[in-house]
Structure formats: C-alpha cells, structure tokens
C-alpha cells in the first residue's frame, strides 16, 4: 500500500453546499458578463464612441476599488450569504431598469453608466463575501480541490456570458441580451 494520499478531483462537488455555491457562481458570473456585454453594445450603439465604451471600465472599477475594502470589512462582520444575496439583487434590479428603458426607448448613456456603477459597487461587496464563504462550506481536506473547481467555473462563466450575449444580440437585437 502506498502512503501517498489519493487525489480525488470530484471531492468538493460531492458536498451539497459547495455544489450550490458553484451553481450560484456560474449563474451569477454568466449573467453579469451577459449584462456587461449588452451594456457595452448599447453604449456603442448610442454614442458610436470608443471613448464612451472605454469609460465603462472606469465607471465600474474606480469607485469599486475603494468600496471593496468596505465590502471585505462587511464580510468579516455580517452573514456572508446575506451579503452575496443582497449584492446580487442590486444589479438584477438595475438590469430590469435598463430593459424597461430599452423597451420604452428611454435608454441613455447616463442610465447605462449608473447601472454599471451600481453593479460595480455591488460586486465590491459580493466578491469578498463569496471568497470568505468558501472556507466555511468546504472542509480543509478538499479546499484545494474546491479552489480549483471554483476558479474553473468562474473562468468558464466569464467566457460563456459574452458568447451568449453576442448570440442573443445577433439573433434578436440588443434588448434580448
């Protein structure tokens, strides 16, 4: 018999709490990137400006940079699951506002930048809470496996979202994405 520990690549996925975490991560990551791609498309459609398109990243990143410290502190003090849930509600509601604006012909650059700002600020709370939650739901023995699975799912969802958005936009216009 070998004294080398057996590596089980599926160990973390057998944990119900981790499976729920992964499904949540995949769904929210794909949804977020679908919305980002659709907003980028909408900004370019309205403005025709690559500068306006580039400003989306600044509007999302710069305010979120400072707020993520607050998000990390909140994740240390409050229920991480609740923080994640609340942080996902904000961009969801903002997305519905954009859909209504597109449907009524009232979409504007200011509205789109506002949605990007709200989503970026919400992510500043969600990401620290999500990362701090992982060690709570996965035992130490499978933590490395859980990190690998989580990173893979996150990367796949970030690639899948824009692909789906592009297909939806190509199929039925930017309002569908």
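Residue numbers (the working numbering): -14 to 162.
Cβ atoms here follow ideal geometry from the backbone N, Cα and C, with glycine treated the same way.
Residue i classed as buried or exposed, judged by whether at least 16 other C-beta atoms fall within 10 angstroms
i	result
residue 115	buried
residue 63	exposed
residue -6	exposed
residue 121	exposed
residue 1	exposed
residue 34	exposed
residue 39	exposed
residue 47	exposed
residue 59	buried
residue 28	buried
residue 104	buried
Pairwise C-alpha distance: residue j and residue i
i	j	result
residue 31	residue 90	11 Å
residue 168	residue 117	What the structure shows of the chain is the stretch from -14 to 162, and residue 168 is not part of that stretch, so it cannot be assessed.
residue 137	residue 8	12 Å
residue 108	residue 49	8 Å
residue 69	residue 17	14 Å
residue 72	residue 79	12 Å
residue 92	residue 13	24 Å
residue 20	residue 157	15 Å
residue 15	residue 23	12 Å
residue 82	residue 41	18 Å
residue 146	residue 36	23 Å
residue 75	residue -1	31 Å
residue 55	residue 111	11 Å
residue 51	residue 113	13 Å
residue 106	residue 53	8 Å
residue 148	residue 5	24 Å
residue 119	residue 133	12 Å
residue 85	residue 77	13 Å
residue -8	residue 152	39 Å
residue 144	residue 67	27 Å
Own chain, CB closer than 6 Å to residue i, minus 5 neighbours either side, in chain order
i	result
residue 44	98, 101, 102
residue 57	113
Residues near residue i in its chain [Cβ-Cβ closer than 8 Å; skip 5 each side]
i	result
residue 10	115, 135, 138, 139, 142
residue 61	117
Beta-carbon proximity list for residue i, same chain, < 7 Å, skipping 5 on both sides
i	result
residue 3	-3, 122, 123, 131
Within-9 Å CB hit, residue i to chain B
i	result
residue 144	The structure shown contains no chain B; it holds only a single protein chain.
So does the segment 96 to 105 actually touch the segment 119 to 138, counting three or more Cβ pairs closer than 8 Å?
No: the two stretches stay apart, fewer than three of their Cβ pairs being nearer than 8 Å.
Let me know the alpha helix (DSSP H) ranges lying completely inside the segment 37 to 104, each 4 residues or longer, listed in chain order.
65 to 89
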